[in-house]
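Here the structure comes first, spelled out in structure tokens, and everything after it is commentary.
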Amino acid sequence: MHKHIRHRVFFKAMLLLPWASVAMCEQPLQVTVSTLDVPQLVGELVDWSIDKISLRDSGQLLEFPSQELLRLEFQASGKGVASSEMSVELVDGSRFPISSYEVTDRIATVETPMSTESLTIPTEQIRLVEFPGASNSTQSWLPKWEKKEFTGDVLILSKKNAAEFDFLSGVINDISASQINFTWEGDTITVKRSKVAALTYYHAQPRDSSEPVCWLILNNGFRLPVAGIARDGEELRVTTTLGLPLQFRFNEIKSADYSLGKLAYLSDLVPLLEKWTPLLQFPSADERVKFLGMPRHNTSFEGSPLTLSWPAEDDEGGILVKTYSKGLALRGRTELEYRLPRDMRRFKAVAGIDPETLSQGNVMLTIVADGETLFESTIDGKQPPVSIDLDIAQKKKLQIFVDYGSNLDLGDRLHLVEARLLK
């Protein structure tokens, strides 16, 4: 190739290089979205704010208001926020890494990889701080600390045996990079920070904070209750419910949970009534036999995960067995009654026979709200599972009745999966 042609090609390549770099950095970010009405949708993130999230799916722009969102799942392409041996947890549940922690006059100055500037936080907003070397032992001291019900600030001191700790209760004063000023039994002492695994602040009254729009879970397990969200290129800027401004890259986010107050699974609620009447009466003293038919929560009667059988999508007439993490296993002559949480407007579930008893399974399922029958149908193992979607707006009580079908108690194992109340 002629010399001046080579130079021209090189010059063009240099002009294109910055654009290539931008294209490499700004790869489409895939997000899986679950809403009140859409179980799951995968799309490319376009924008994210406190009010909504925008996705592009097959060239179409889709927008979902925050009040309809349940969960966002991000592709785990990053290791998470820069690791640190120190972390802080605030009274609103925020938990994030820090690289330094000092206190003057009850105001903490904190450095964190999630902020380009130092943060100042009143100690009345801080629940606990873990120092270097304590991160692997939190589960060792935290349960003991919670059981002791201290009425003062606490220093958790490491013993020579790393699995043992001393708890010193008093008042935590100023903290420098090397020592902690501590009032204990009326005397003020100085404690080396190197001896302290963690510290906790006492709060007589829980501090009020605003309800988060969502909870962010980062790839390394840190969590944040979020009250403000704004996209800034490849970074997300958030404001926590206590007003802290933080930022991090999208590939450091694992998920965003919007479900608080919008979703309630029956298997997580305590029923007002839970009753099973066997076909044959057993001696009243035999409590073990009585338990055999009582409802199971999030498990089958065999103790295995809840499953349902569906016709395969191919043309060969096969069977597809799906597993569910949430739901109820119910037998004939079961009665359940729930007090409905306020403002719930829909009840959704899928009802089918336990695949272990498909050939014989046949029950009658009835769902009633405030005395009004909303659903009544035979659930047969020879038929596909039945999807249920009921309007429960303004209702106060929900009742579920499972009765024997054509085979009486033979194979009467109903799996009511994904049984949930939606706002």
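Heads up: the sequence shown begins at 981 in the numbering used here, then just goes up one per residue. Think of the CB as a built atom: it goes at the ideal place given N, C-alpha and C, for glycine as much as any other residue. Just so it is clear, the structure is predicted and the values come from calculations on it, not from any experiment.
Same chain only: Cβ atoms within 7 Å of residue i, ignoring 5 sequence neighbours per side
i, result
"T1089", "E1082, S1098, T1100"
"K1302", "T1287, L1288, W1290"
"L1310", "P1275, V1382, L1394, L1396"
"I1359", "A1331, G1332, I1333, V1343, L1345, V1366, L1394"
"D1031", "P1045, S1046"
"I1380", "L1316, I1347"
"H1277", "S1247, L1308"
"P1102", "R1086, I1087"
Residue range of the beta strand (DSSP E) that includes residue i
i, result
"K1377", "1377-1384"
"V1068", "1066-1070"
"V1176", "1176-1180"
"Q1159", "1159-1164"
"E1097", "No beta strand (DSSP E) contains E1097, which DSSP labels as neither H nor E."
"H1395", "1393-1402"
"E1129", "Unbroken run through E1129: none, as it is neither H nor E."
"R1322", "Neither: R1322 is in no beta strand (DSSP E) and is coded neither H nor E."
"D1360", "1352-1360"
"T1092", "Per DSSP, T1092 belongs to no beta strand (DSSP E) and is neither H nor E."
"K1242", "Taken as a continuous stretch (DSSP letters only), K1242 belongs to no beta strand (DSSP E), as it is neither H nor E."
"M1344", "1342-1349"
"Q1010", "1010-1015"
"P1405", "Here the chain comprises residues numbered 981 to 1403, so residue 1405 is not present and cannot be evaluated."
"D1027", "1021-1028"
Sequence-distant residues of its chain with Cβ nearer than 8 Å to residue i (five each side left out)
i, result
"L1338", "S1289, G1361, K1362, G1391"
"G1132", "S1149, G1150, V1151, Y1182"
"K1175", "L1137, S1138"
"Q1159", "T1170, V1171, K1172, R1173"
"F1355", "L1345, T1346, I1347, I1368, L1370"
"S1001", "Residue placement at S1001 is poorly supported in this model, since its pLDDT is 35, which falls under 50; the coordinates still yield a value, given next. Result list for S1001: empty, nothing under 8 Å."
"A1292", "G1298, I1299, L1300"
"E1336", "S1280, E1282, R1393"
"P1186", "V1071"
"D1027", "I1033, S1034, R1211"
"R1325", "D1371, I1372, A1373, L1402, K1403"
"L1320", "A1349, I1372, K1375, K1376, K1377, L1378, L1401"
"S1284", "none"
Counted within 10 angstroms of its Cβ, other Cβ atoms place residue i as buried (16 or more) or exposed
i, result
"E1398", "buried"
"L1272", "exposed"
"R1086", "exposed"
"G1351", "exposed"
"A1003", "Low local confidence applies: a pLDDT of 36 at A1003 is under 50, so the model's placement there is unreliable, with the coordinate-based value given in what follows. Label assigned to A1003: exposed."
"I1155", "buried"
"S1014", "buried"
"S1190", "exposed"
"P1205", "buried"
"V1018", "exposed"
"A1413", "An answer regarding residue 1413 cannot be provided, because it is not within the stretch 981 to 1403 covered by the chain."
"G1312", "buried"
"G1341", "buried"
"A1157", "exposed"
"G1166", "exposed"
"G1385", "buried"
"S1067", "buried"
"G1307", "buried"
Residues near residue i in its chain [Cβ-Cβ closer than 6 Å; skip 5 each side]
i, result
"E1069", "R1075, R1107, L1108"
"K1242", "K1403"
"E1126", "none"
"I1197", "R1203, K1234, S1235"
"L1009", "L1025, F1230"
"E1104", "none"
"D1323", "K1403"
Integer-rounded CB distance, given that residue j should sit under 8 Å from residue i
i, j, result
"R1400", "L1249", "About 10 Å; that fails the 8 Å criterion."
"Y1318", "L1240", "In fact, because the Cβ distance is near 19 Å, the residues do not count as touching under 8 Å."
"K1375", "E1315", "About 17 Å; that fails the 8 Å criterion."
"T1219", "D1072", "Contact doesn't hold; Cβ gap of about 12 Å is too wide."
"S1029", "I1299", "Going by Cβ atoms, the distance from S1029 to I1299 rounds to 44 Å, so no, they are not a contact pair."
"P1077", "T1092", "6 Å"
"K1128", "F1147", "6 Å"
"L1135", "F1111", "So it is not a contact: roughly 10 Å between Cβ atoms."
"P1192", "A1207", "6 Å"
"L1252", "D1389", "No, L1252 and D1389 are not in contact; Cβ-Cβ is about 25 Å, not under 8 Å."
(request) Check whether the stretch 1030-1047 touches the stretch 1173-1181, taking contact to mean three or more Cβ pairs, one atom from each stretch, closer than 8 Å. (result) no
(request) Examine the Cβ distances between the stretch 1198-1215 and the stretch 1364-1374 and report whether three or more of them are shorter than 8 Å. (result) no
(message) Three or more C-beta pairs under 8 Å: does that hold for the stretch 1229-1239 against the stretch 1042-1053?
(response) yes
(request) Determine, using beta-carbon pairs with one atom in the stretch 1039-1048 and one in the stretch 1012-1027, whether at least three such pairs fall under 8 Å. (result) yes
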